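One line per chain: the protein sequences are F and X, in this order.
Residue numbers for the first sequence follow our numbering, beginning at 1 and rising by one.
Residue numbers for the second sequence follow our numbering, beginning at 1001 and rising by one.
In this text, a Cβ means the ideal position worked out from N, Cα and C, and glycines have one as well.
If you're wondering where the values come from, they're calculated on a predicted model, not measured in any experiment.
Okay, so here's the structure we're looking at.
There are 2 protein chains.
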Amino acid sequence: MENFNYYTPTEVVFGRGTEKQVGELVKAQKCSKVLVHYGSGSVKKSGLLDRVFRSLDEAGISYLSLGGVVPNPRLSLVYEGISLCKSEDVDFILAVGGGSVIDSAKAIGYGVSNEGDVWDFYEKKRQASGCLSIGVVLTISAAGSEMSDSSVITNEKGWLKRGYSSNYARAKFAVMNPELTMTLPKYQTASGCVDIMMHTMERYFNQCDNMELTDGISEHLIRTVMKNAKILMEEPYNYDARAEVMWAGSLSHNGLTGCGTDGGDWACHQLEHELGGMFDVAHGAGLAAVWGSWARYVMDACPERFARFAVNVMGVADGADETETALKGIEAMEAFYRAVEMPVCIKDLGIEPTVEQLRELAEKCSHLRKRTVGCVKKLDVDDMYQIYKNALEFG
Amino acid sequence: MENFNYYTPTEVVFGRGTEKQVGELVKAQKCSKVLVHYGSGSVKKSGLLDRVFRSLDEAGISYLSLGGVVPNPRLSLVYEGISLCKSEDVDFILAVGGGSVIDSAKAIGYGVSNEGDVWDFYEKKRQASGCLSIGVVLTISAAGSEMSDSSVITNEKGWLKRGYSSNYARAKFAVMNPELTMTLPKYQTASGCVDIMMHTMERYFNQCDNMELTDGISEHLIRTVMKNAKILMEEPYNYDARAEVMWAGSLSHNGLTGCGTDGGDWACHQLEHELGGMFDVAHGAGLAAVWGSWARYVMDACPERFARFAVNVMGVADGADETETALKGIEAMEAFYRAVEMPVCIKDLGIEPTVEQLRELAEKCSHLRKRTVGCVKKLDVDDMYQIYKNALEFG
């Protein structure tokens, strides 16, 4: 078992109607001017943005707003947000949306609180020394960014998708009303569920002596998301199922499922980041498209872990042959992806990268051959290329 | 499923040798003078206190110390601590010990940051509006006070044991090195494990529609503690078992196991507080002594919950008769208590209260007939008396 740090200072306000509390929550932060940051028109159309504005008005909070965040949020809008915050003396950012909006808010927060180009942090050229305070009204269960330390931004120059993590960016509060996620399209709901599961699975698959308490929590979390993802395919307005998935989303990425581990593998996330940067696919769907290929490529490095996963998570009978059990678990996960209409290969994403493009993805993912990714099995540029290639078509 | 708030701002630094970081952790709090608060001589004898002092010295932190906290920590020492902090301008309290030391530190913190008698808060006469910042070096896995909002103090005048909870008292950081718990006597280790389990069980047994994610986490947490408690009876120096129990202790009482519930029952804790106040028994042992009697008395109010507990936690076969399954679960828990040398009735605690004393306990627990306790079944003074009476001897 490894030493670990666990730090989740975000105050969670969870349940029906909780968005009405946002004004008071912002007020408690003792800030003077708020930037309300959001994405497309959906929060306008649903009336949520108006309810948020009303709550801020009632609490006597001064604010301005900046919309337009897109999935795989763009650096150009981050720059725009930084300028706006600086010129208007904004000292708090309220993200109303999902992971993309929250990540964009975090990037703006870094940009305001630190000199120089904010992209430097995402390029790992230097470390941030602070971040403007962030609050969240969550509308999509997926990224876990409402409680996590991470933020992922896409730079349109070269379509590079890069992440940066620090405790400075942990949200002060997160308002989480599962009702707000009920109108999400099926595809986005399922894609979010895969993202949540993968945040736990990336930590679960590792090469260290694990903590039993963490393992069992992770296994139960993944099972719970799978069960409720299936329910939501039939009953998108099922409150309890939405709530289970929403809370799982936060717990999957706030650090809880990594306690006592070495930090996890994260190769699938790295591989998907390049796909998402180049082809703008939904993050969870991109993860599902490469996971099977990754799992088959690395499972021999720790068959006992994959076998445990098969039995405890996927309900595979505990067979005599570890490798066979492990493989059945991977197949069962792919069957689940299909059941919730998620891809099991890259072509299922509706894209068909050329061999040259796959090579380019691998080169980018290895940061031009400067690094390996993963820990279950360390992957160099050739491994990455092979995993992309195997993921192109199923079987 | 109920709405809930979840707030766990404590920074956890977990693992081998982590007490060496305490100086830097205190320094990051930007305080000018620290009160190091501790209990008996064990932290002196073990050398831990010296290591803590050395770490503070190295970080250039000015401090003074106050020892002498006893189990069921006393109000008189709290008053002494408050005077000391005020006269010496202390602005941070470092608790080096278990739940009693941490609870005493929280009470001192309330007393310094609020005018008037600190006991008022524990008597629920008024609310605190702040608390001095607290840090923890944990030496006993049990109370969960290192991450919880609660504090329990015993007033020698009348031997009243009362609790007070507020987010102000959440520790800024908790240093948790499982090695520090290795020398605990068997009885204290087992008593701590029961306390941890009960913090989860008090939340698990309730009358609301539960959250599946929370239920599964709770069930796994209890199973993990039971498994490792048994290991520790044979191998007190088993690091992994100590670590599993220590982390379970924090998760059991930081709020995680109550998410989506109505807050839980807590009748056993209330009943034990009176026992502990009058007879000064170990808290976990006191809980084990009354739990079986409580469970049998209330199980008919929600047999399906007790049956689920029997199957999912105690490994009882899922039988056709819910009540029978529920009862088997209670018996299995009592068998576990015996296996780790914990009591299953009050006489097992080595005390033999008279009928008059049992009546007095019930009167005190009902705050002189002013309140009921519990939610699985609301208990009035006569119910409490009956539970104490049934708990006197086993069977």
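DSSP-derived helix/strand/coil call for residue i
i: Pro1185 of chain X; result: coil
i: Glu11 of chain F; result: strand
i: Ala1174 of chain X; result: strand
i: Leu1379 of chain X; result: strand
i: Val1340 of chain X; result: coil
i: Ala320 of chain F; result: coil
i: Lys1033 of chain X; result: coil
i: Gly1258 of chain X; result: helix
i: Ala1282 of chain X; result: coil
i: Arg479 of chain F; result: Given a span of 1 to 395 for chain F in the structure shown, any question on residue 479 of chain F remains unanswerable.
i: Arg1203 of chain X; result: helix
i: Tyr1385 of chain X; result: helix
i: Arg1074 of chain X; result: strand
i: Val90 of chain F; result: coil
i: Leu1132 of chain X; result: coil
CB contact check: residue i to chain X, cutoff 9 Å
i: Cys259 of chain F; result: yes
i: Phe279 of chain F; result: no
i: Arg16 of chain F; result: yes
i: His253 of chain F; result: no
i: Ile413 of chain F; result: An answer regarding residue 413 of chain F cannot be provided, because it is not within the stretch 1 to 395 covered by chain F.
i: Lys227 of chain F; result: yes
i: Arg223 of chain F; result: yes
i: Asp318 of chain F; result: no
i: Leu48 of chain F; result: no
i: Leu256 of chain F; result: yes
Member of the options whose CA lies at the smallest distance from the CA of residue i
i: Gly277 of chain F; options: F:Glu156, F:Val69, F:Lys20, F:Tyr63; result: F:Glu156
i: Met198 of chain F; options: F:Val52, F:Cys365, F:Thr323, F:Trp294; result: F:Trp294
i: Gly1415 of chain X; options: X:Val1225, X:Gly1216, X:Cys1375, X:Glu1244; result: The shown model of chain X, from 1001 to 1395, leaves out residue 1415 of chain X, and the question about it has no answer.
i: Met246 of chain F; options: F:Leu48, F:Glu58, F:Gly98; result: F:Gly98
i: Lys227 of chain F; options: F:Asp215, F:Ala243, F:Glu212; result: F:Ala243
i: Gly130 of chain F; options: F:Val112, F:Cys345, F:Ser145; result: F:Val112
i: Leu1160 of chain X; options: X:Asp1209, X:Tyr1168, X:Leu1368; result: X:Leu1368
i: His273 of chain F; options: F:His220, F:Gly158, F:Thr224, F:Met182; result: F:Gly158
i: Asn114 of chain F; options: F:Ser100, F:Ser83, F:Gly144; result: F:Ser83
i: Ala1282 of chain X; options: X:Gly1216, X:Gln1188, X:Trp1266, X:Arg1359; result: X:Gln1188
i: Val96 of chain F; options: F:Leu358, F:Tyr38, F:Tyr297; result: F:Tyr38
i: Lys1389 of chain X; options: X:Gln1021, X:Arg1338, X:Arg1359, X:Asp1348; result: X:Arg1359
i: Glu1356 of chain X; options: X:Cys1031, X:Asp1280, X:Lys1378, X:Gln1386; result: X:Gln1386
i: Leu271 of chain F; options: F:Ala310, F:Leu392, F:Glu58; result: F:Leu392
i: Val36 of chain F; options: F:Asp209, F:Thr323, F:Ile93, F:Leu379; result: F:Ile93
i: Arg296 of chain F; options: F:Ala317, F:Leu287, F:Glu331; result: F:Glu331
i: Lys30 of chain F; options: F:Thr200, F:Ile61, F:Met201, F:Val194; result: F:Ile61
i: Met333 of chain F; options: F:Met314, F:Asn5, F:Val152; result: F:Met314
i: Ala107 of chain F; options: F:Lys125, F:Thr154, F:Met147; result: F:Thr154
i: Glu1235 of chain X; options: X:Glu1363, X:Glu1322, X:Met1182; result: X:Met1182
i: Asp240 of chain F; options: F:Phe14, F:Phe4, F:Met1; result: F:Phe14
i: Ala335 of chain F; options: F:Ala310, F:Asp318, F:Asp321; result: F:Ala310
i: Tyr1237 of chain X; options: X:Asp1209, X:Asp1262, X:Pro1178; result: X:Pro1178
i: Ala28 of chain F; options: F:Glu88, F:Gly192, F:Gly395, F:Lys172; result: F:Lys172
i: Cys1268 of chain X; options: X:Leu1256, X:Ala1248, X:Trp1291, X:Thr1372; result: X:Trp1291
Supposed close pair residue i, residue j - CB separation, criterion 8 Å
i: Ala1142 of chain X; j: Ala1190 of chain X; result: With 8 Å as the limit, Ala1142 of chain X and Ala1190 of chain X do not qualify as a contact, their Cβ atoms being about 10 Å apart.
i: Gly1081 of chain X; j: Ser1065 of chain X; result: In fact, because the Cβ distance is near 11 Å, the residues do not count as touching under 8 Å.
i: Ala326 of chain F; j: Pro303 of chain F; result: 5 Å
i: Asn254 of chain F; j: Thr18 of chain F; result: So it is not a contact: roughly 18 Å between Cβ atoms.
i: Pro73 of chain F; j: Ser100 of chain F; result: 4 Å
i: Val78 of chain F; j: Val118 of chain F; result: 6 Å
Neighbour flag for residue i against chain F, beta carbons, 9 Å
i: Ala1248 of chain X; result: yes
Discussion item. Give me the subset of the segment 1-16 of chain F whose CB atoms are less than 9 Å from a CB atom of chain X, sorted by chain position.
Written reply: Taking 9 Å as the Cβ-Cβ cut-off against chain X, the residues of the segment 1-16 of chain F that qualify are Met1, Glu2, Asn3, Phe4, Asn5, Tyr6, Tyr7, Thr8, Pro9, Thr10, Glu11, Val12, Val13, Phe14, Gly15, Arg16.
Practice prompt. Determine which residues of the segment 231-246 of chain F have a Cβ less than 8 Å from any Cβ of chain X, and write them out in chain order.
Written response: Those residues of the segment 231-246 of chain F that come within reach of chain X (Cβ to Cβ, closer than 8 Å) are Tyr239, Asp240, Ala243, Glu244.
Worksheet item: Mind listing which residues of the segment 1169-1201 of chain X have their C-beta closer than 7 Å to chain F's C-betas, in chain order?
Response: Legend: CB atoms of the segment 1169-1201 of chain X lying less than 7 Å from CB atoms of chain F are not found in any residue.
Item to complete: With 8 Å as the C-beta to C-beta threshold (strictly closer), list the residues of the segment 1122-1150 of chain X near chain F in chain order.
Response: When CB distances to chain F are screened at a threshold of 8 Å, not a single residue of the segment 1122-1150 of chain X falls below it.
Discussion item. Against chain F, which members of the segment 1208-1219 of chain X pass a CB distance test of less than 7 Å?
Written reply: Residues of the segment 1208-1219 of chain X with a C-beta less than 7 Å from any C-beta of chain F: Met1211, Glu1212, Leu1213, Gly1216, Ile1217, listed in chain order.
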